[in-house]
Amino acid sequence: MRTIRTLAPALCLVLALTACTDADAPSPTGAAAPGTPTVTNAATDPVRAAPTNGSAPASAEEVCAYLDGQLPTLKGIGSETGAMANLTVNLYSWYEKQGPVPTGRQIDDQTRLECPATRTEVLKLAGMESFERL
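Numbering (mature numbering (1 follows the signal peptide of the UniProt record, and there is no 0)), first residue to last: -25 to -1, 1 to 109.
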């Protein structure tokens, strides 16, 4: 059972990242789909933009505000595995839009200092002890 709990979120992450990669591919005509911002994709795609481009990582306040906003969604999922998969995909996507994607340890350090109660609740809902698990 432990293997399934570990494998399911990893599989969800791989599938989501594969889908995201295909979605960011430029269209053959070079035109963006209606309603798609064209500037943001190039500026936030870590494959196209080097992490050393001078952009600062998201602040602890921004991370905590994002996690606070995710609490209702995570509570509504009802399972640790589902919450972990949702958190993994959505947090990574959010960080991609902010700039450089930090390590799990960096997220832990930020949230321990800025919003320990939110951090504890998010990790509990996802059945994790640390963001390093993501």
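Cβ coordinates follow ideal geometry from the N, Cα and C atoms, glycine included.
Please state the DSSP three-state secondary structure of residue 191. Because the chain spans -25 through 109 in this model, residue 191 falls outside it and cannot be assessed.
Could you check the C-alpha separation between Asp43 and Met59 for me, to the nearest Å? In the sequence shown, the residue the question calls residue 43 occupies position 68. In the sequence shown, the residue the question calls residue 59 occupies position 84. Cα-Cα distance, rounded: 15 Å.
How many whole angstroms separate the CB atoms of Ala35 and Glu107, which I take to be in contact at a CB cut-off of 8 Å? Looking up residue 35 in the sequence shown gives position 60. Looking up residue 107 in the sequence shown gives position 132. Contact flag wrong, Cβ pair sits at about 17 Å.
May I ask you to check if the CB of Asp83 is nearer than 8 Å to at least one heavy atom of the ligand NAD? Because no ligand of any kind appears in the structure shown, any question about the ligand NAD cannot be addressed here.
Mapping DSSP to helix, strand and coil, what is Leu79? Mapped onto the sequence shown, residue 79 falls at position 104. First, the amino acid is wrong: residue 79 is Gly here, not Leu. Note: Gly79 maps to helix in three-state DSSP.
Give the straight-line distance between the Cα atoms of Val38 and Tyr67, rounded to the nearest whole angstrom. In the sequence shown, residue 38 corresponds to position 63, counting from 1. In the sequence shown, residue 67 corresponds to position 92, counting from 1. Going from the Cα of Val38 to the Cα of Tyr67 covers about 11 Å.
First and last residue of the alpha helix (DSSP H) that includes Cys39? The residue you call residue 39 lines up with position 64 of the sequence shown. Cys39 -> alpha helix (DSSP H) spans Ala35 to Ile52.
Contacts around Ala(-1), its chain only, beta-carbon distance under 8 Å, and the 5 residues preceding and following it disregarded: Counting from one through the sequence shown, the residue named residue -1 turns up at place 25. Note on Ala(-1): pLDDT 46, under 50, position unreliable in the model; no value is reported.
Can you tell which of Ala92, Val76 and Lys99 has its C-alpha closest to the C-alpha of Lys50? Numbered from its first residue, the sequence shown carries residue 50 at position 75. Nearest of Ala92, Val76 and Lys99 to Lys50, Cα basis: Lys99.
Under 8 Å by Cβ, that's how I've got Asn65 and Gln45 pegged, so tell me the actual separation to the nearest angstrom. Sequence index remark: in the sequence shown, residue 65 carries index 90 (1-based). Sequence index remark: in the sequence shown, residue 45 carries index 70 (1-based). The Cβ separation is near 7 Å, so the contact holds.
If you draw a straight line from the C-alpha of Asp84 to the C-alpha of Pro75, how long is it? Numbered from its first residue, the sequence shown carries residue 84 at position 109. Numbered from its first residue, the sequence shown carries residue 75 at position 100. If I take the Cα positions, the gap works out to 16 Å.
Let me confirm a value: Ala92 is counted as buried when at least 16 other C-beta atoms fall within 10 Å, else exposed. Which label applies? Here residue 92 is taken as the residue at index 117 of the sequence shown, counted from 1. Per the 10 Å Cβ criterion, exposed.
Cutoff 7 Å; reference Ile52; Cβ partners in own chain excluding five residues on either side: The residue given as residue 52 occupies position 77 in the sequence shown. Excluding positions up to five away in sequence, the list reads Ala58 and Asn61.
DSSP three-state assignment for Gly57, whether helix, strand or coil: Here residue 57 refers to the residue found at position 82 when the sequence shown is read from its first residue. Gly57 falls in the helix class under three-state DSSP.
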